[in-house]
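What follows is a short report on a single structure.
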Amino acid sequence: MQMAKRRRRDRRIVAALSLLVLGAVALVETLGGPGSSQRAWAEAGGPQRLRRAGQATASGDARPLSAAADESQAVNNSLVATADQRVVHLLNRITFGARPGDVEAVERQGLRNYLSAQLNPASIAEAPEVVQKLQNTAALNQPSAVLINRYREVAKERKLRKQQEAGANGSATSGASVGPGGDLPQNALKAGGKAGAADGAKKQVGQQLISARLMRAVDSNRQLQEVMTDFWYNHFNISIDKGLDRALVGAFEEQAIRPYALGRFRDLLGATCYHPAMLFYLDNWQNVKAGATSRQGKVSGINENYARELMELHTLGVDGGYTQKDVQEMARVLTGLGLPNPRRQTGDGKWGSFNANYHDFGDKTVLGHRIAGVGAAEIDQALDLLARQPATAHHIAYQLAQYFVADDPPKALVDKLAAKFSESDGNIKTVMSTLFDSPEFWDGRYQNNKYKSPFRYAVSVFRATSTEPSDYQAVAQFLRLQGQPVYGCLTPDGYKNTQSAWLNPDALMNRINFATTVGSGRARFLSAPPVAFAQARDTVCGGKLSGHTEAVIAKAPPALKLSLLIGSPEFMHY
202 MQMAKRRRRD
212 RRIVAALSLL
222 VLGAVALVET
232 LGGPGSSQRA
242 WAEAGGPQRL
252 RRAGQATASG
262 DARPLSAAAD
272 ESQAVNNSLV
282 ATADQRVVHL
292 LNRITFGARP
302 GDVEAVERQG
312 LRNYLSAQLN
322 PASIAEAPEV
332 VQKLQNTAAL
342 NQPSAVLINR
352 YREVAKERKL
362 RKQQEAGANG
372 SATSGASVGP
382 GGDLPQNALK
392 AGGKAGAADG
402 AKKQVGQQLI
412 SARLMRAVDS
422 NRQLQEVMTD
432 FWYNHFNISI
442 DKGLDRALVG
452 AFEEQAIRPY
462 ALGRFRDLLG
472 ATCYHPAMLF
482 YLDNWQNVKA
492 GATSRQGKVS
502 GINENYAREL
512 MELHTLGVDG
522 GYTQKDVQEM
532 ARVLTGLGLP
542 NPRRQTGDGK
552 WGSFNANYHD
562 FGDKTVLGHR
572 IAGVGAAEID
582 QALDLLARQP
592 ATAHHIAYQL
602 AQYFVADDPP
612 KALVDKLAAK
622 FSESDGNIKT
632 VMSTLFDSPE
642 FWDGRYQNNK
652 YKSPFRYAVS
662 VFRATSTEPS
672 DYQAVAQFLR
682 LQGQPVYGCL
692 TPDGYKNTQS
702 AWLNPDALMN
712 RINFATTVGS
722 GRARFLSAPP
732 VAFAQARDTV
742 CGGKLSGHTE
752 AVIAKAPPAL
762 KLSLLIGSPE
772 FMHY
């Protein structure tokens with residue numbers, strides 16, 4: 202009951218704050234002309250007023266904020282009524298938002314046929330422009346050993362340049378390019394260049410990877426695979442801002458996440474465990490048997506970081522019944538698993554390497570199960586054990602239900618998904634089919650009730666308006682301002698997908714400004730003008746808007762209607 206009241210209150214906050222800003226923008230645009238809204242809004246103290254409005258509401262002000270909130274809820278409760286609305290609901294949840302024409306296309310194909318195809322992404326032909334752009338982003342597919350070697354070359358080059366600039370070393374360097382088809386732009390480092398050139402090369406690689414991620418979310422025909430990739434990346438999060446992982450995040454997503462996003466959880470768990478990006482991010486490359494000399498030539502020992510997150514975040518969950526002793530034993534299992542050696546590359550070079558010299562060969566006991574000290578095989582035994590625990594099934598089920606149904610998912614659904622997870626040996630596609638067939642997924646109480654994260658909001662704006670950026674770095678900058686830089690979550694728990702994580706007055710104001718810029722067609726980073734308002738309206742919430750939102754849009758000049766639509770409370774949710 203309290204949770205339901207809190208959701209209704211939060212919904213009123215969103216409706217009131219959104220329409221407060223939208224009304225101000227519409228008035229200023231009407232009186233002051235195009236381009237004047239953001240300047241006048243700031244000069245009029247808009248941000249401060251918006252913050253005060255949010256603070257007053259959050260502190261318990263009982264005054265009704267907006268008729269739109271209640272009307273929007275009434276619309277929400279009836280979404281299941283028509284075929285169009287069912288299609289819109291499905292598109293909202295399994296894609297990053299409907300595009301103009303998508304509803305009609307799904308109705309022609311049949312809702313179940315469309316869902317079946319999305320659950321089997323290999324059956325869907327990818328958009329040619331997506332394929333072409335991905336081919337130009339070599340860092341997605343290069344072996345990790347190659348990426349690591351090139352990253353180290355750049356780091357070495359940078360160090361040498363700094364020494365030269367400081368007068369510590371006057372010798373010349375070759376400045377040769379990193380090579381054709383590599384992750385670093387050819388000739389990014391040149392003889393006589395500045396130390397900043399190396400930083401610039403690494404930055405450019407990061408920008409290319411971020412652009413590729415955004416482009417896929419906007420344009421890919423395999424939308425459920427992209428949505429699931431987003432879900433699993435945050436589940437197994439690594440950060441682009443940690444050293445070597447700047448070069449590896451794209452390969453991690455492409456090699457360890459996306460291929461397994463709708464496969465078996467155990468395969469996904471293994472791929473993330475053995476990928477150098479994870480081993481570096483959570484320091485397992487420094488995890489060696491007690492008293493051993495580390496790879497850096499220092500006396501080192503057990504590092505529990507990855508073992509702890511493997512249990513707490515990736516499998517069992519924080520209340521999964523493991524102990525500190527289990528963490529220590531799991532860390533011993535993982536000793537010796539580290540980064541690939543580019544000079545002694547084996548296999549395809551994508552995965553980490555096991556060095557028996559650094560491994561603890563003593564027997565271990567994890568979750569009450571004895572694991573004999575035989576070497577590398579211990580790792581797979583431990584992963585098998587973790588993947589098949591009932592606590593893991595419940596942890597994954599809860600997160601999926603929260604992501605696809607409600608911030609506070611119904612217990613019956615979580616239990617159902619957990620049972621299917623265990624029964625199918627962690628078959629993700631089977632679990633997702635159960636979720637999409639569940640009455641909870643189609644329940645009107647849980648439709649259009651999820652608040653979009655900044656990433657989902659930005660991508661859904663481009664999809665709803667049938668346009669895309671010519672320069673995705675402008676979108677990346679918006680996401681940084683919103684607190685969700687792509688690949689940029691520093692902590693291993695990844696970005697949250699709940700309303701409480703993203704709803705605040707300042708972020709909402711930035712969304713409205715973004716909607717105004719894109720909807721007006723004035724954004725310099727757009728590759729084409731957005732669609733007309735009437736065409737987009739049928740895509741957003743199946744054309745169902747609250748009476749108050751309809752009234753605000755009706756009073757606005759034609760040039761502003763699309764901005765108001767994609768800045769509306771209804772569009773903030775999915």
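Numbering follows this note's numbering, with no gaps: position 450 of the sequence shown is 651.
The beta-carbon is built from N, C-alpha and C at its ideal position, and this holds for glycine as well.
These numbers were taken from a predicted model, which means no experiment stands behind them.
Can you give me the C-alpha to C-alpha distance between residue i and residue j, rounded to a whole angstrom?
i      : j      : result
Asp608 : Gly695 : 16 Å
Ala760 : Tyr599 : 43 Å
Asn705 : Pro655 : 12 Å
Glu358 : Asn350 : 12 Å
Gly394 : Arg362 : Interpretation of Gly394 is limited by its pLDDT of 38, a score under 50 that renders its predicted location unreliable; no figure is taken from the coordinates.
Gly451 : Phe622 : 28 Å
Ser589 : Leu636 : In the sequence on display, residue 589 carries Arg and not Ser. Their Cα atoms are separated by approximately 20 Å.
Ser440 : Thr740 : 34 Å
Asn314 : Ala328 : 19 Å
Glu624 : Thr283 : 34 Å
Met429 : Leu682 : 24 Å
Ala508 : Thr668 : 44 Å
Ile503 : Tyr604 : 35 Å
Val567 : His560 : 17 Å
Arg294 : Gln319 : 12 Å
Gln648 : Asp285 : 13 Å
Gly175 : Ala532 : Shown here, the chain extends from 202 to 775; a query on residue 175 therefore has no answer.
Ala677 : Asp442 : 15 Å
Pro640 : Arg646 : 11 Å
Tyr475 : Pro541 : 10 Å
Phe679 : Phe481 : 28 Å
Gln426 : Val304 : 19 Å
Ile784 : Phe297 : The requested residue 784 is not part of the displayed model; the chain covers only 202 to 775.
Arg309 : Arg287 : 14 Å
Gln333 : Asp431 : 21 Å
Glu579 : Gly522 : 21 Å
Ala398 : Leu535 : Residue placement at Ala398 cannot be trusted, given a pLDDT of 49 that sits under 50; what the coordinates show is reported in the next sentence. Going from the Cα of Ala398 to the Cα of Leu535 covers about 37 Å.
Glu513 : Leu463 : 22 Å
Ala708 : Phe663 : 18 Å
Is it buried or exposed for residue i, if we count other Cβ within 10 angstroms and need 16 for buried?
i      : result
Leu691 : exposed
Leu390 : Annotation note: pLDDT 29 at Leu390 (below 50); position unreliable, coordinate value reported separately. Under this definition Leu390 is a buried residue.
His570 : exposed
Lys762 : buried
Asp626 : exposed
Lys526 : exposed
Asn337 : exposed
Asp446 : buried
Leu385 : At Leu385 the pLDDT is 32, less than 50, meaning the model places this residue with poor confidence and gives no usable figure here.
Lys551 : buried
Lys651 : buried
Pro758 : exposed
Ser317 : exposed
Ser324 : exposed
Ser701 : exposed
Lys803 : It is not possible to answer for residue 803, since the shown part of the chain is limited to 202 through 775.
Glu776 : Lying outside 202 to 775, the shown extent of the chain, residue 776 is not represented and no answer is given.
Val276 : Note on Val276: pLDDT 40, under 50, position unreliable in the model; the coordinate value appears next. Answer is buried; the Cβ neighbour count reaches 16.
Ala413 : buried
Asn558 : exposed
Would you say residue i reaches chain C, if we count a Cβ-Cβ gap shorter than 8 Å as a contact?
i      : result
Met531 : No chain C appears in this structure, which consists of one protein chain only.
Check the DSSP bridge columns for residue i and list the partner residues they point to.
i      : result
Gly502 : In DSSP, Gly502 forms no bridge with anything.
His774 : Tyr652
Arg465 : Asn628
Gly471 : Gly471 pairs with nothing; no bridge assigned.
Leu539 : It should be pointed out that residue 539 corresponds to Gly in this sequence rather than to Leu. Ser554, per the DSSP bridge assignment.
Leu514 : Looking at the DSSP assignment, Leu514 forms no beta bridge with any residue, so it has no partner.
Pro793 : This structure leaves residue 793 out entirely; the chain is present only between 202 and 775.
Write down the C-beta distance between residue i and residue j rounded to the nearest angstrom, noting that I regard them as a contact closer than 8 Å.
i      : j      : result
Leu601 : Val632 : 7 Å
Val753 : Ala418 : Rounded, the Cβ-Cβ distance is 29 Å, inconsistent with contact.
Ser728 : Ser671 : 4 Å
Thr666 : Pro770 : Thr666 to Pro770, Cβ: 18 Å. No contact.
Gly574 : Asp564 : 5 Å
Ser747 : Thr717 : Not quite, the Cβ-Cβ distance comes to about 20 Å (not below 8 Å), so this is no contact.
Leu587 : Leu517 : 7 Å
Met773 : Lys653 : 6 Å
Could you tell me which uninterrupted alpha helix (DSSP H) segments, each at least 4 residues in length, are contained entirely in the region 553-632, listed from first to last along the chain? Segments of the alpha helix (DSSP H) lying fully in the region 553-632: 578-588, 591-605 and 612-624.
With a floor of 4 residues, list each alpha helix (DSSP H) that falls wholly inside the region 325-361, ordered by position along the chain. Counting whole runs of 4 or more residues, the region 325-361 contains the alpha helix (DSSP H) stretches 329-336.
Could you give the uninterrupted runs of the alpha helix (DSSP H) lying entirely in the region 297-329, keeping only those of 4 residues or more? Within the region 297-329, the runs of alpha helix (DSSP H) at least 4 residues long that lie entirely inside it are, in chain order, 303-310 and 312-320.
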